[in-house]
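Okay, so here's the structure we're looking at.
2 protein chains.
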Amino acid sequence: MAARARQQTENKAEADADKTERMRSTKVSRNPQRTHAAILEAATEEFAAHGFGGARVDAIAARAQTNKRMLYHYFGDKEGLYLAVLEATYATIRDAEKQLDLARRRPEEGMRELALFTWRHFLAHPEFLSLLATENLHHAHYLQRSEKVSVMHSHLIDELSDVLHRGEAAGIFRPAVDPISVYLTIAALGFFYLSNRHTLSTIFARKLTAPDALNAWGEHIVAVTLASIRV
Amino acid sequence: MAARARQQTENKAEADADKTERMRSTKVSRNPQRTHAAILEAATEEFAAHGFGGARVDAIAARAQTNKRMLYHYFGDKEGLYLAVLEATYATIRDAEKQLDLARRRPEEGMRELALFTWRHFLAHPEFLSLLATENLHHAHYLQRSEKVSVMHSHLIDELSDVLHRGEAAGIFRPAVDPISVYLTIAALGFFYLSNRHTLSTIFARKLTAPDALNAWGEHIVAVTLASIRV
DNA sequence: CCAACTTGTAACCAAATAGTTATATCATGC
DNA sequence: GCATGATATAACTATTTGGTTACAAGTTGG
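Chains A and B are the protein sequences, given in the same order. Using the UniProt record's numbering, the first residue of the first sequence is number 1, and each one after it goes up by one. Using the UniProt record's numbering, the first residue of the second sequence is number 1, and each one after it goes up by one.
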């Protein structure tokens, strides 16, 4: 989410600056949206890097080039900030998933598309994986508080169900395959490989993050997923 | 590891107490092995529950029913204690893996055995999964310092290679299957399901940890693994 | 243009935290 | 049987931490 958030923030900040300058041509020495977004982005990095307990509020304020007063002003306390980070990160995922439109693809192509989409998404958002690991350490304590995240992946599961049914009708996928199991399988293969890459490469002495290795694992996910649902 | 460590500790403690009482029949008010093991067990729980940054040294000392002086006496500092926990936890895994003897099993049975073993092992050792997640958050910083953990899974990979070769020779497995990819597949399916169960069940509103669901997922791992390597 | 409100800074505080010291007690080799 | 080192306790300290307060300065509606 970091890159995207920064992009949006800067765009908004520039727009605000332009408007203000057109009106009175003063130096922009305050900019609430920018400060808010800068804190959120800094917090995302800090929480992803150190976990909830390891994250330092002072460090977040410093990284956002503001101070703690603003942080507490916008987000209440450390937990509120953490929850805001979680929700913003999930929102990014949800937005990205909307890009998927598998309805017109042939079943096997659709499954390939879905698996590679998930894999590339994990690759592009390492902070999402880290936050997920941290949140699970805390038994999803904070995520459960959020009303916004409840019906999160329904779009994805709907699209997946459709693909599976069409594959079944065409006689190439087994009948009554559970879409959630299929999704968990795809997510598991991508998540584990990336989130555990450091301990895995320490143990196996293998460069898991070389570009070739990453592409190969993406194809591996596709192959395993298809093999597991074909008749 | 917790249960096993506690068991060993208590056995040793009892043996020591017996010996001491036979010799002079004094109350046992000091017992280095027990203290050492109690600290290690308490630290395992604390680090697994809160991560490195979230773990509290005072809490560990209190949980071990000793005090910080002893903790620093035996383990140097917080990082030394964390490293000791990591090494002890990996040692438990390594010991368990030695129970595996797949050499005489038919290939498909061997694969099933290996997958279920890994799954049951993860189920029995949730603290291992949490510590792994924490360690990866820190880019395996501490694990890399340990010389002891380098050639960790070699036994497992050797056994797996043998099973794959025999399956290939029998014409039921595809040729030149990469054993590490197969192991990663098995581990990924188990690890992700368990370590992310809290966020997953929040999102999907499904009880992932019901006994039936757990058994079903174990069979799912077996089925997916076999489907991915069969000719 | 000014009163009310928002955004910002920096100094401050109480509690928590990792790590230490002083000191006492147990065990044991000589 | 006692000198010595290992094991234990609890009080202590310096620093860090999350969170607050006093106050300054920018912004805006009337």
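Cβ atoms here follow ideal geometry from the backbone N, Cα and C, with glycine treated the same way.
Of the residues assessed, Pro107 (chain B) falls on the buried side of the cut-off, its CB having 16 or more other CB atoms within 10 angstroms.
Of B:Asn67, B:Arg174, B:Glu87 and B:Gly218, the smallest CA-CA separation from Gln144 (chain B) is found for B:Glu87. With 16 or more neighbouring CB atoms inside 10 Å of its own CB, Ala140 (chain B) falls in the buried class. Here Arg106 (chain B) carries a coil assignment [DSSP, helix/strand/coil]. Ranked by Cα distance from Leu100 (chain B), the first of B:Tyr90, B:Ala91, B:Ala115 and B:Thr89 is B:Ala115. The continuous alpha helix (DSSP H) containing Asn215 (chain B) extends over residues Pro211 to Ile229. Within 7 Å of the CB of Glu135 (chain B), the CB atoms of chain A belong to Thr199, in sequence order along the chain. Of all residues in the region 175 to 189 of chain A, only Ile180, Ser181, Leu184, Thr185, Ala187, Ala188 and Leu189 place a beta-carbon less than 7 Å from a beta-carbon of chain B. With respect to the 8 Å criterion, His50 (chain A) and Gly53 (chain B) are classified as neighbours on the basis of their beta carbons. Per the C-alpha coordinates, the member of A:Leu214, A:Leu184 and A:Ile203 positioned closest to Ser154 (chain B) is A:Ile203. The contact set of Gln99 (chain A) on chain B, defined by CB atoms closer than 7 Å, is empty, because the minimum CB distance reaches about 19 Å. Glu79 (chain B) counts as exposed, since fewer than 16 other beta carbons sit within 10 angstroms of its beta carbon.
Measuring C-alpha to C-alpha distances from Ala84 (chain A) to each of A:Ile39, A:Thr118, A:Gly110 and A:Glu109 identifies A:Ile39 as the nearest. Interface with chain A (8 Å Cβ-Cβ cutoff): Ser161 (chain B) is excluded.
Less than 8 Å divides the Cβ of Thr134 (chain B) from the Cβ of Leu137 (chain A). What Gly51 (chain A) touches in chain B, judged by beta-carbon distance under 8 Å, is Gly51, Phe52, Gly53, Gly54, Thr134 and Leu137, going in chain order.
For Ile186 (chain A), the uninterrupted alpha helix (DSSP H) run begins and ends at Pro179 to Ser195, by DSSP.
Note on Arg34 (chain A): 16 or more other CB atoms within 10 angstroms of its CB, so buried under the neighbour-count rule. Spanning the alpha carbons of Asp77 (chain B) and Leu71 (chain B) requires a straight line of approximately 8 Å. Taking 8 Å as the cut-off, the Cβ atoms of Trp119 (chain B) and Gly190 (chain B) count as close. With fewer than 16 other Cβ atoms from the protein chains shown falling within 10 Å of its own Cβ, Ala210 (chain A) counts as exposed. Rounded to whole angstroms, the gap between the alpha carbons of Ala103 (chain B) and Thr225 (chain B) is 19 Å. Just so you know, the alpha carbons of Arg105 (chain B) and Glu159 (chain B) end up roughly 11 Å apart. Counting only Cβ-Cβ distances below 8 Å, His153 (chain B) has contacts in chain A at Ile203 and Phe204, in chain order. Residue-level contact by beta carbon fails for His121 (chain A) and chain B, as no gap is shorter than 8 Å. With distances taken between CA atoms, Tyr82 (chain A) lies nearest to A:Val57 out of A:Arg63, A:Ile180 and A:Val57. Interface annotation, Phe192 (chain A): in contact with chain B, CB-CB separation under 8 Å. With the criterion set as a beta carbon lying under 8 Å from some beta carbon of chain B, the UniProt DNA-binding region "H-T-H motif" (56 to 75) of chain A has no members that meet it.
Taking the C-beta atoms as reference points, Glu46 (chain A) is found nearer than 8 Å to Ala59 (chain A). Look at Asn196 (chain B): its C-beta is under 8 Å from a C-beta on chain A.
Distance between Gly171 (chain A) and Ile157 (chain A), taken at the CA atoms: about 21 Å.
Proximity to Ile186 (chain B) across B:Ile221, B:His165 and B:Leu214 peaks at B:Ile221, based on C-alpha coordinates. For Arg206 (chain A), there is no enclosing alpha helix (DSSP H), as DSSP marks it with neither H nor E. Looking at the backbone, the Cα of Glu113 (chain A) and that of Ala188 (chain B) are separated by about 21 Å.
By the neighbour-count definition (other C-beta atoms within 10 Å, threshold 16), Glu41 (chain A) is a buried residue. Rounded to the nearest angstrom, the gap between the Cα atoms of Arg230 (chain A) and Leu164 (chain A) is 10 Å.
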